[in-house]
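To start, the structure itself, in structure tokens.
Protein chains: 4
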Amino acid sequence: MAPNNPAPPDSTRRSERSRRAIYDAAIALVVEVGYPKTTIEGIAARAGVGKQTIYRWWGSKADVLLEAFLDLSEQAARTAAQEHESHEGREGRAGHESQGIPDTGDLAADLKLVLRATVDELRDPGFEAPSRALAADGVVNEELGRRFVAQLLEPQLQLYVDRLRSAQETGQVRPDIDPRIALELFVSPLAQRWLQYTGPITYEYTDTLVDYALNGLAPR
Amino acid sequence: MAPNNPAPPDSTRRSERSRRAIYDAAIALVVEVGYPKTTIEGIAARAGVGKQTIYRWWGSKADVLLEAFLDLSEQAARTAAQEHESHEGREGRAGHESQGIPDTGDLAADLKLVLRATVDELRDPGFEAPSRALAADGVVNEELGRRFVAQLLEPQLQLYVDRLRSAQETGQVRPDIDPRIALELFVSPLAQRWLQYTGPITYEYTDTLVDYALNGLAPR
Amino acid sequence: MAPNNPAPPDSTRRSERSRRAIYDAAIALVVEVGYPKTTIEGIAARAGVGKQTIYRWWGSKADVLLEAFLDLSEQAARTAAQEHESHEGREGRAGHESQGIPDTGDLAADLKLVLRATVDELRDPGFEAPSRALAADGVVNEELGRRFVAQLLEPQLQLYVDRLRSAQETGQVRPDIDPRIALELFVSPLAQRWLQYTGPITYEYTDTLVDYALNGLAPR
Amino acid sequence: MAPNNPAPPDSTRRSERSRRAIYDAAIALVVEVGYPKTTIEGIAARAGVGKQTIYRWWGSKADVLLEAFLDLSEQAARTAAQEHESHEGREGRAGHESQGIPDTGDLAADLKLVLRATVDELRDPGFEAPSRALAADGVVNEELGRRFVAQLLEPQLQLYVDRLRSAQETGQVRPDIDPRIALELFVSPLAQRWLQYTGPITYEYTDTLVDYALNGLAPR
DNA sequence: CTCTAACCGAGACGGTACGTCAGGTCTTGAA
DNA sequence: TTCAAGACCTGACGTACCGTCTCGGTTAGAG
Chain A
1 MAPNNPAPPD STRRSERSRR AIYDAAIALV VEVGYPKTTI EGIAARAGVG
51 KQTIYRWWGS KADVLLEAFL DLSEQAARTA AQEHESHEGR EGRAGHESQG
101 IPDTGDLAAD LKLVLRATVD ELRDPGFEAP SRALAADGVV NEELGRRFVA
151 QLLEPQLQLY VDRLRSAQET GQVRPDIDPR IALELFVSPL AQRWLQYTGP
201 ITYEYTDTLV DYALNGLAPR
Chain B
221 MAPNNPAPPD STRRSERSRR AIYDAAIALV VEVGYPKTTI EGIAARAGVG
271 KQTIYRWWGS KADVLLEAFL DLSEQAARTA AQEHESHEGR EGRAGHESQG
321 IPDTGDLAAD LKLVLRATVD ELRDPGFEAP SRALAADGVV NEELGRRFVA
371 QLLEPQLQLY VDRLRSAQET GQVRPDIDPR IALELFVSPL AQRWLQYTGP
421 ITYEYTDTLV DYALNGLAPR
Chain C
441 MAPNNPAPPD STRRSERSRR AIYDAAIALV VEVGYPKTTI EGIAARAGVG
491 KQTIYRWWGS KADVLLEAFL DLSEQAARTA AQEHESHEGR EGRAGHESQG
541 IPDTGDLAAD LKLVLRATVD ELRDPGFEAP SRALAADGVV NEELGRRFVA
591 QLLEPQLQLY VDRLRSAQET GQVRPDIDPR IALELFVSPL AQRWLQYTGP
641 ITYEYTDTLV DYALNGLAPR
Chain D
661 MAPNNPAPPD STRRSERSRR AIYDAAIALV VEVGYPKTTI EGIAARAGVG
711 KQTIYRWWGS KADVLLEAFL DLSEQAARTA AQEHESHEGR EGRAGHESQG
761 IPDTGDLAAD LKLVLRATVD ELRDPGFEAP SRALAADGVV NEELGRRFVA
811 QLLEPQLQLY VDRLRSAQET GQVRPDIDPR IALELFVSPL AQRWLQYTGP
861 ITYEYTDTLV DYALNGLAPR
């Protein structure tokens, strides 16, 4: 279809070593100097890699960072999973939503727990810097934004959908509610405060969001 | 305190002509070529202005655009106000939130109306391009983000606070609710969908948000 | 004739204070930072004068410096003349050529004396910096070069012409010699060494030049 | 010793193409618009080269022009040499001093011939413009001046030294004369007239210089 | 002894060029 | 063929001065 213009490189010969070094350099630079001052040349230099090696495999700074961050998330998830395993038996101590949202039967409590964990994550500079960078670029670059959402955000949101559906089955949420929209009532406010600095991010705040969303603003 | 190094220029001698031209050029370029490809040189050239005239009065591309957009908003508000005046007698047909949120007594209807107007605005390229650009830069540049919020976003949100308080007085909203948080239940989801392309933006969607937020997710 | 384009300013209202300050600033800057780094803005700032005051009365940096240097030379000449007067009675101890070249009857001795004084002058940074600057600009700017020569150099050279003519009358120089050309035999070599760094500038050197020039290179 | 900060570029990878284009552009611009209006940007643009490519290999406009002019001189010398070769058998018709000064046994005639050729050269705009530019900058920039002399001027002067020494052997010049100084008697006057516009440059003038210098000003 | 036209300081303005940085492409030599 | 290295062309950066143009204020000579 497309005239395969750029003659795609042979990925079997790809240097795993370089890929890792590039990921690490990209994340480190974003954390240390910020996204705008992170440059492809800087990443290449820090990774001990030729610029061409980056241009060969990625299309832009954002591409590099998106993959690097995905990789980082996977690592973190893997680590968390192992830890989870070693603590098996204990219930509920969810550390990271990628493990799924706990289902103790008490929807409000489960949501508050998970949102508190998210609050923690949003404050961890190691995660915050790259994800904020990607989110920012995604705001102005629709294609990147959609990939960011599809690969990072939506999988997280899907866990809320699952938990809400489960709550619908137990009657804690009205059956006519669309869970994909419902989750936004407590997730989006947190997201906006984080993205736009529209307010402080605290446990009390997220707890409140859950209460308001579940019970509504109108008198009962 | 600070040694106010660069000796601030004399604003009384400032050229109004240049300021206007720079505002116009900045907005036009962001709309036409996008924020990242909008350069200070480009703005200066398009405005028929020396680069130094921009650097003399603003600290960055974002500063220029923020002021330009503020100016644009004021113009729009002024225009809308005049139009409103000329249509006096008709009630309620608010076109722009800066006029305040209508208060017909029916909170849900009023909110839906305003949110629909916001949906329209978010789709107007003349407004979308610059505000998206500023929002994006604000995500990664906290100082800018806070100014964006303080000068553009928060005044809008305050209107919701007012309307919600009015609703509390008429008993349509529970008195223990914090309006500043409550408004996020329907505003933030819309904001996030717009910022991050996490879902379509439609009247049905915003209507649904209002219903969910007012009535809550839990069965009554 | 000409449409009196720029409407020449009224020189009777001219500020002597500013003129002096500009001269001083120009000379000082050329000495301190060099001609290329001397700017009109810098002169204006250092002189505590508006830029327009410079542009009103001079056409270029070189114009300013040329006048400043002429002024400086006149001052120096006046100072030297006073000093000369106070030492009256003593013969021959010419300090500065502008007083005329001494005429003791011994042409070689007189020339050597004057050239040694020139050597001293060429090494005085206060004179060297500005005159070198003007000479340099004159090399590449014919109009300036010709003014530099006419106003500064040629009057000096004329003194040599006079002395050589006197020597022709006493038979120390052949009558068919053109003094204006002859003087170049000892003046130009010194000038070139100074302008182009083609060799060291010493008393021995200038003495030698006089000997060679008077006696010729060929065996007698 | 010095911390050789800027990490000198790898000259083996240097683009010969760019170098040539830069030389040509620099010379052409100096001839066409003059040295002061010749800018690095202009050279880069005319040469179809990035500015950085100039800054990578040269430190200043003068550096570029000096090398360009040296290259031009070498080319010219090479061309002249070839021409000379093809005219072998004919004696004495020296076109360019770099071929050496002719030695017909008649010193005065040989010097006059060569100086007349120099007069021609000083009037060839292709040579005059760049060499005047370099000379001018060298007046005010000692480091450049010394390089100009060492690389361009002194080699020419050395030819006079050689010819004068030969004349000393044949008894046409007194043995106690220092040829390096002697040559200045006829070369420097011409140089000064050229540099400073102190007088017309003609064959008659240079012929006269030779006569005066060889025979001296004093009666024989 | 005003009045008023200029010169004055200051410095904003539209520009040009500076020297630097990074983007993305292309070439070279070693592995 | 990939890779590290880095030269190359491009284009924007933020700065320095250019020469022109107001803007009050001051200042002197014509009334």
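Chains as they are written, first to last, in our numbering: chain A, 1 to 220; chain B, 221 to 440; chain C, 441 to 660; chain D, 661 to 880.
Ideal Cβ positions, reconstructed from N, Cα and C, are used throughout, including at glycine.
Glu727 of chain D versus D:Gln759, D:Glu701, D:Ala705 and D:Ala681, residue with shortest Cα-Cα distance:
Relative to the Cα of Glu727 of chain D, the nearest Cα in the group D:Gln759, D:Glu701, D:Ala705 and D:Ala681 belongs to D:Ala681.
CB Ala191 of chain A to CB Gln376 of chain B, shorter than 8 Å?
no
Chain B residues whose Cβ lies nearer than 7 Å to that of Gly145 of chain A:
Gln416 and Tyr417
What's the C-alpha gap between Ser238 of chain B and Ala267 of chain B?
7 Å
I'd like the span of the alpha helix (DSSP H) that includes Thr170 of chain A, first residue to last.
For Thr170 of chain A, there is no enclosing alpha helix (DSSP H), as DSSP gives it neither H nor E.
What residue ranges within the stretch 234-283 of chain B form continuous alpha helix (DSSP H) runs of no fewer than 4 residues, ordered along the chain?
236-253, 260-267 and 271-277
Looking at the unbroken alpha helix (DSSP H) that takes in Ala810 of chain D, where does it start and where does it end?
Run containing Ala810 of chain D: none; DSSP gives neither H nor E here.
Please identify the residue among B:Arg366, B:Arg352, B:Asn435 and B:Arg343 whose C-alpha is closest to the C-alpha of Pro256 of chain B.
Checked all of B:Arg366, B:Arg352, B:Asn435 and B:Arg343; the closest Cα to Pro256 of chain B is B:Arg352.
When the cut-off is 8 Å and only beta carbons count, does Ser408 of chain B lie next to chain A?
yes
Are Glu734 of chain D and Pro629 of chain C closer than 8 Å when you measure CB to CB?
no
Between Ile714 of chain D and the rest of its own chain, which residues show a CB-CB distance below 7 Å, the 5 nearest in sequence each way excluded?
Ile682, Ile700, Ile703, Ala704 and Val724
Look up Arg660 of chain C in the DSSP assignment and say whether it is helix, strand or coil.
coil
Quick check: Leu209 of chain A and Phe186 of chain A, are their CB atoms within less than 8 Å of each other?
yes
Would DSSP call Tyr637 of chain C helix, strand or coil?
If DSSP states are grouped into helix, strand and coil, Tyr637 of chain C belongs with coil.
For the 8 Å Cβ check, are there 3 or more pairs between the stretch 559-569 of chain C and the stretch 467-475 of chain C?
Of all C-beta pairs linking the stretch 559-569 of chain C to the stretch 467-475 of chain C, three or more are shorter than 8 Å, placing the two stretches in contact.
For the structure I just gave you, are there three or more beta carbon pairs, one from the stretch 384-399 of chain B and one from the stretch 318-327 of chain B, closer than 8 Å?
yes
Using a Cβ cut-off of 9 Å, pull out every chain C residue sitting near Thr698 of chain D, in sequence order please.
Result: empty, since nearest Cβ-Cβ is about 11 Å, beyond 9 Å.
CB contact below 8 Å: Glu184 of chain A versus chain B
yes
Identify which residue in C:Leu635, C:Gln539, C:Lys552 and C:Ala653 has its Cα closest to the Cα of Asp838 of chain D.
Nearest C-alpha to Asp838 of chain D: C:Ala653.
Please name the residues in the stretch 314-346 of chain B whose beta-carbon is closer than 7 Å to at least one beta-carbon of chain A, in chain order.
Within the stretch 314-346 of chain B, no residue has a Cβ that lies closer than 7 Å to any Cβ of chain A.
Gly358 of chain B touches chain A at which residues, Cβ-Cβ below 7 Å?
Gln196
Consider the Cβ of Tyr432 of chain B: report whether some Cβ of chain A lies at a distance smaller than 8 Å.
yes
For Val140 of chain A and Gly419 of chain B, I'd like the C-alpha separation in whole angstroms.
Between the alpha carbons of Val140 of chain A and Gly419 of chain B lies a gap of roughly 16 Å.
In angstroms with no decimal places, state the Cα-to-Cα distance between Ala686 of chain D and Gln492 of chain C.
34 Å
For Ile621 of chain C, go through chain D and note every residue whose CB falls closer than 9 Å to its CB, in chain order.
Here the neighbours are Pro849, Gly859, Tyr865, Thr868, Leu869 and Tyr872.
Can you find a C-beta in chain D that's less than 8 Å from the C-beta of Glu582 of chain C?
yes
Can you tell which of B:Val334, B:Ala355, B:Glu374 and B:Pro229 has its C-alpha closest to the C-alpha of Leu195 of chain A?
B:Ala355
Under the assumption that Gly805 of chain D contacts Tyr637 of chain C (Cβ atoms under 8 Å), give the Cβ distance between them as a whole number of angstroms.
5 Å
Buried or exposed (CB count within 10 angstroms, at least 16 for buried), Thr206 of chain A
buried
Top-ranked residue by Cα proximity to Leu379 of chain B, from B:Glu341, B:Asp431 and B:Asp323
B:Asp323
Which of the three DSSP states is assigned to Leu623 of chain C in this structure?
Of the three classes helix, strand and coil, the one that applies to Leu623 of chain C here is coil, per DSSP.
At which residue ranges does the stretch 753-796 of chain D contain complete alpha helix (DSSP H) runs of 4 or more residues, listed in the order of the chain?
767-783
Going by CA-CA distance only, name the one from B:Arg234, B:Arg385, B:Ser235 and B:Glu424 that's closest to Val339 of chain B.
B:Glu424
Quick check on Pro229 of chain B: does DSSP put it in helix, strand or coil?
coil
Just verifying my parser: in three-state terms, what is the DSSP assignment at Asn875 of chain D?
helix
My assumption, with CB atoms under 8 Å, is that Ala182 of chain A sits in contact with Leu164 of chain A. Please give the rounded CB distance.
Contact between Ala182 of chain A and Leu164 of chain A holds, since their C-beta atoms are separated by about 6 Å, short of 8 Å.
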